[in-house]
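Novice:
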Amino acid sequence: MVDIQTVVPPVPAQRKYQMKDVVPNGIPNGTDCDVEVDRSTTTLSTIVSAGYVEMRINEMRPGLLAIGGTCEEAAALLNIHEDLMARLRDKEDQVTALLIRADNLSSEKQANEAIVYEDMAKCLNEAWRGLKKQLMLRGYLLREVLNFYQLAQHHEELVNTTTEALKTVKHAKHETDIATSLKTLEHNINEIIDMTAHAVDVGSSVIAQIRTLGQISDNTEQAQEILSSCVLIEKVMLGIASEWERIEAEWKCVSEKIIVSESSEELLQIEQWLKHAERRIKAVNETGLRRLLEEGDAHQVRLAQLGADSHADNSKIAHLSGMIEEFLYYVKTRLNRSQRIQAFFQSAQTMLSQITMMAEDMKNANAAMAGELYPLAEQKVSAVISEGKDILEKEVLSYEEKALAKQRLDELETKLRLLEELALQRQKGIQEISEQIAKLQSWNTMEVVPFLATHSDLGGTLNEAVDFLDAHKKFIEEVANNEAVVVSLVSRQSDMTSVEENAIKELKKICDELKEVVEHRSHIGNNFVQVYKFAKDLESSFDALTSLLDGNRDFANERLVGQVDGVFHMIDETIEKEKHDVERFVMAAEAVTNIDKKLNVERAVQAARNFIVDHDHRLTYAKHMWAEWRRKKAEMKKIETIIEEIQMWQEDAWEIIRLLENTKTTSLQDSEGLYRRVKEFQQTVGQQTVKLDETKKYEMSENILKKVDNLMRKQQEIKERVTELEKKVETIYETFMEQEVTKHIRAPQILTSLKDSQIDEGNRFEFVARIEGEPEPKIS
1 MVDIQTVVPP
11 VPAQRKYQMK
21 DVVPNGIPNG
31 TDCDVEVDRS
41 TTTLSTIVSA
51 GYVEMRINEM
61 RPGLLAIGGT
71 CEEAAALLNI
81 HEDLMARLRD
91 KEDQVTALLI
101 RADNLSSEKQ
111 ANEAIVYEDM
121 AKCLNEAWRG
131 LKKQLMLRGY
141 LLREVLNFYQ
151 LAQHHEELVN
161 TTTEALKTVK
171 HAKHETDIAT
181 SLKTLEHNIN
191 EIIDMTAHAV
201 DVGSSVIAQI
211 RTLGQISDNT
221 EQAQEILSSC
231 VLIEKVMLGI
241 ASEWERIEAE
251 WKCVSEKIIV
261 SESSEELLQI
271 EQWLKHAERR
281 IKAVNETGLR
291 RLLEEGDAHQ
301 VRLAQLGADS
311 HADNSKIAHL
321 SGMIEEFLYY
331 VKTRLNRSQR
341 IQAFFQSAQT
351 MLSQITMMAE
361 DMKNANAAMA
371 GELYPLAEQK
381 VSAVISEGKD
391 ILEKEVLSYE
401 EKALAKQRLD
411 ELETKLRLLE
421 ELALQRQKGI
431 QEISEQIAKL
441 QSWNTMEVVP
451 FLATHSDLGG
461 TLNEAVDFLD
471 AHKKFIEEVA
481 NNEAVVVSLV
491 SRQSDMTSVE
501 ENAIKELKKI
511 CDELKEVVEH
521 RSHIGNNFVQ
531 VYKFAKDLES
541 SFDALTSLLD
551 GNRDFANERL
561 VGQVDGVFHM
571 IDETIEKEKH
581 DVERFVMAAE
591 AVTNIDKKLN
601 VERAVQAARN
611 FIVDHDHRLT
621 YAKHMWAEWR
631 RKKAEMKKIE
641 TIIEEIQMWQ
651 EDAWEIIRLL
661 ENTKTTSLQD
671 SEGLYRRVKE
681 FQQTVGQQTV
691 KLDETKKYEM
701 SENILKKVDN
711 LMRKQQEIKE
721 RVTELEKKVE
731 TIYETFMEQE
741 VTKHIRAPQI
751 LTSLKDSQID
761 EGNRFEFVAR
771 IEGEPEPKIS
């Protein structure tokens with residue numbers, strides 16, 4: 001663990017939280033996080049130990065048990081709490097998302113890290129639930145405290161009003177004023193009695209809630225905070241009780257000064273006392289109960305004195321005396337019950353402490369001492385449990401007393417069962433050690449050796465690699481479980497014989513070596529699976545590229561070139577990474593085989609190297625396909641250009657044909673020019689036909705082929721139309737030609753006649769003549 005700075009700077013006003021390290025005795029073992037919201041601060045503690053990491057609520061400001069000393073302070077604390085709860089409700093969705101993210105982190109990490117992240121996620125969930133529970137209970141507590149303080153305020157106002165009324169009665173001189181004041185006093189005193197009883201009940205409930213909430217707090221000052229909060233409530237309760245006792249004493253003093261002449265009025269007063277006493281009993285403590293007994297006995301004596309009078313109403317006196325007797329019996333019963341309950345609670349608390357100490361002694365005791373401690377504890381605890389059950393069955397308890405009594409009984413029974421289990425464990429310790437050593441030796445012989453032998457081949461396919469990895473992951477858990485057993489046995493070497501000590505040392509060595517071997521195998525198996533999955537992903541990229549090229553045979557997607565170039569770039573980088581990963585895997589596999597001689601990685605290494613060869617071949621083939629695709633796209637582009645040119649030419653050709661057809665000729669020269677133009681256009685038609693025929697030697701899509709066929713059909717129509725036009729123009733030309741010949745014909749005329757010539761044998765002989773005519777005559 002790194003060194004942690006012990007000095008924490010103060011939190012700036014603009015910051016919402018502060019992280020600080022907890023450094024008890026100078027040794028860092030945890031971290032505190034202060035979360036500040038306006039006037040409230042919550043301290044979250046992260047506790048780090050050798051075997052776990054735990055997060056919990058360490059401190060709150062205002063404190064978890066801060067209740068204030070007045071109504072205004074309690075109201076302010078409640079406002080702060082409700083503001084905090086409103087903010088937490090607003091952030092609950094974010095916290096839920098954070099917890100889900102924390103739960104999912106373990107699946108994204110390596111196996112050795114996943115356990116830590118999983119435990120941390122659990123701690124976060126538990127800390128969040130604990131925080132919500134504590135805040136919910138604190139909300140209930142603050143509302144109850146505010147209600148209690150409001151009752152105390154109302155009680156104080158009633159006391160002041162009653163005090164003024166008592167002063168009025170003391171100084172009143174007329175009977176009418178006294179009677180009126182007495183009615184007001186009776187009403188106020190009855191209301192004070194009810195208010196006192198209600199306030200005491202609410203105060204008792206608040207104290208019970210403080211104790212309940214304090215027990216779930218992780219604060220080190222828990223006991224002091226519980227005591228301080230309870231003292232605040234009890235001081236107010238004592239103030240309420242003392243004020244009531246003062247008012248009661250003054251009321252009694254005033255009542256005694258009022259002279260009542262008739263016995264009926266005195267009986268009425270005694271009856272009124274009984275009614276008040278029945279109400280008072282709900283709010284008084286043990287001292288108040290004793291005072292009620294004294295007052296009741298005094299009234300019984302007075303009733304006996306009144307009964308001795310011959311003019312007294314004996315039936316009413318007897319009835320009232322019987323009611324007071326029943327009331328006094330109830331008071332005595334309640335007084336005895338209170339003493340019995342308190343004695344039980346004290347005995348239960350003492351016994352819990354003794355059982356806890358016995359449990360600590362039991363952990364270090366031998367089997368004989370463990371056998372003596374448990375019967376002694378059972379004898380003592382059984383008596384206390386029996387007393388508690390008897391109280392629950394026979395006594396009338398308040399809700400808080402009943403809950404506390406059940407809690408103490410459950411704690412005693414739980415502690416006793418724990419002590420019994422410890423005794424049995426100590427007695428069975430020696431036998432368990434031998435059995436566990438034998439079990440571990442059997443596990444090594446029957447499971448470890450066969451497993452290493454049957455799972456020695458890493459495999460050459462993905463399924464084999466996954467099976468290899470899964471088997472070793474499961475076996476790692478089994479090894480960890482048995483390693484924990486070995487560690488547990490090592491810690492109990494003091495209870496072993498020398499043979500057992502040697503056996504456990506040998507098992508410890510075997511477990512350490514086995515753990516190293518299995519972890520290496522699991523790691524290399526995971527690497528091979530990752531290489532295989534990476535290869536599968538690369539093959540998917542090749543398949544996607546092939547599909548992309550096959551799906552664009554019409555060459556219509558102009559952005560495909562950029563996409564495919566990007567895919568090729570990505571594939572090149574991926575293949576380089578794959579080569580690096582395979583090389584690293586091969587080196588790691590060979591290194592593992594140097595440690596684990598039984599492991600066979602030849603097929604896995606060959607399969608990994610085959611990936612490189614296969615993917616190089618696929619890349620070469622893909623590049624060839626891409627070159628072919630681009631060549632065909634160029635051809636298709638050329639064909640489309642030819643088609644566009646011919647389409648434009650055909651449109652112009654029809655316009656030319658219409659112009660030629662509509663051209664008028666009036667002379668031989670005009671017809672000759674028209675005939676020449678038709679001949680030239682006919683040559684152009686032939687050239688365009690040849691150009692269109694050349695497109696058929698290329699592969700074309702169905703759409704392009706339809707366009708070419710349509711152009712061929714139109715080209716044929718143009719050829720036929722031009723042929724007809726040629727015949728028509730030729731006819732016109734011949735007609736004009738005949739007319740011109742007829743116009744210039746002249747009969748031949750011999751200008752020079754043939755003459756006789758001397759011809760020698762063997763010499764050339766020529767006939768010479770001159771003839772003129774139109775058209776020019778020829779001698780054949």
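Read in UniProt numbering, the sequence shown has 15 at position 15, and its numbers run on one by one without any break.
Think of the CB as a built atom: it goes at the ideal place given N, C-alpha and C, for glycine as much as any other residue.
1. Once the 5 residues before and after K638 are set aside, which same chain residues still bring their CB inside 6 Å of it?
2. Considering only DSSP beta bridges, list what D581 is partnered with.
3. Alpha helix (DSSP H) containing L98: first to last residue?
4. What residue range is occupied by the uninterrupted alpha helix (DSSP H) comprising T663?
5. Between the alpha carbons of H617 and K707, how many angstroms are there, rounded?
6. I'd like the list of long-range same chain contacts for L660, defined as Cβ closer than 8 Å, with 5 residues on each side in sequence excluded.
7. By alpha-carbon positions, which one of K132, E191, L131 ends up nearest to N160?
8. Please give me, in chain order, every unbroken run of the alpha helix (DSSP H) with length at least 4 that falls completely inside the UniProt domain "DUF7799" (148 to 257).
9. For D457, which beta-bridge partners are listed by DSSP?
10. Compare the C-alpha of E294 against each of V485, F327, A308 and name the closest.
11. Do you know how far the Cα of I226 is from the Cα of K406?
12. How long is the line joining the alpha carbons of H154 and I67, rounded to whole angstroms?
13. Can you tell me where the alpha helix (DSSP H) holding L64 begins and where it ends?
14. Starting from A471, trace the alpha helix (DSSP H) in both directions and tell me its first and last residue.
15. Rounding to the nearest angstrom, what Cα-Cα distance links I732 and N662 in this structure?
16. Are the CB atoms of E401 and I355 nearer to each other than 9 Å?
17. Could you give the C-beta distance for Q94 and L141, rounded to a whole number, given that I count them as a contact under 8 Å?
18. Buried or exposed for Y399, please, with buried defined as at least 16 other CB atoms from any protein chain shown within 10 angstroms of its CB.
19. Closest by CA to L78, which one among L98, Y149, A308, A121?
20. Taking three-plus beta-carbon pairs below 8 Å as touching, is the segment 621 to 629 in contact with the segment 581 to 588?
21. Could you tell me the alpha carbon to alpha carbon distance between C253 and V169, rounded to whole angstroms?
22. Just the Cα atoms here: how many angstroms apart are K664 and A653?
23. Here's the rule: buried if 16 or more other CB atoms are within 10 angstroms of the residue's CB, otherwise exposed. What is S671?
24. Please state whether the Cβ-Cβ distance between D705 and L692 is less than 9 Å.
25. Have a look at S205, Q687, A102 and flag the residue whose alpha-carbon is nearest the alpha-carbon of W649.
26. Nearest to K275 by CA position, among A318, S228, A241, I324, is which residue?
27. Specify the secondary structure class of G525 as computed by DSSP and reduced to three states.
28. Between which residues of its own chain and V449 is the CB-CB distance below 6 Å, once the five residues before and five after are set aside?
29. Assign V487 to buried or exposed, taking buried as 16 or more other Cβ atoms, counted over all protein chains shown, within 10 Å of its Cβ.
30. Could you pull out every unbroken alpha helix (DSSP H) segment of at least 4 residues lying fully inside the segment 304 to 330, listed in chain order?
31. Per DSSP, what kind of secondary structure is T574 in: helix, strand or coil?
32. Excluding the five sequence neighbours on either side, which residues of its own chain have a C-beta within less than 7 Å of the C-beta of A471, listed in chain order?
33. According to DSSP, is T70 part of a helix, a strand, or is it coil?
34. Counting C-beta neighbours from all protein chains within 10 Å, is the total for A298 16 or more, i.e. buried, or is it exposed?
35. Given that a residue counts as buried once 16 or more other Cβ atoms are within 10 Å of its Cβ, and exposed if not, what is K415?
Specialist: So, from the listed chains and residues:
1. none
2. In DSSP, D581 forms no bridge with anything.
3. 92 to 108
4. From DSSP, T663 is part of no alpha helix (DSSP H); its letter is neither H nor E.
5. 39 Å
6. Excluding its 5 nearest sequence neighbours in each direction, L660 has C-beta neighbours in its own chain below 8 Å: L674, R677, V678, F681, L725, V729, listed in chain order.
7. E191
8. Qualifying alpha helix (DSSP H) stretches, in chain order: 175 to 215, 222 to 257.
9. N600
10. F327
11. 21 Å
12. 19 Å
13. Careful: L64 lies outside any alpha helix (DSSP H) and carries neither H nor E.
14. 462 to 490
15. 13 Å
16. no
17. That belief does not hold up - the Cβ atoms of Q94 and L141 are roughly 27 Å apart, past 8 Å.
18. exposed
19. Y149
20. no
21. 11 Å
22. 19 Å
23. buried
24. The displayed chain sequence assigns Leu, not Asp, to residue 705. Going by C-beta atoms, L705 is not nearer than 9 Å to L692.
25. Comparing alpha-carbon positions, the option among S205, Q687, A102 lying closest to W649 turns out to be Q687.
26. I324
27. G525: helix per DSSP, three-state reduction.
28. none
29. exposed
30. Segments of the alpha helix (DSSP H) lying fully in the segment 304 to 330: there are none.
31. helix
32. H455
33. coil
34. In this structure A298 is exposed. Its beta-carbon is surrounded by fewer than 16 other beta-carbon atoms within 10 angstroms.
35. buried
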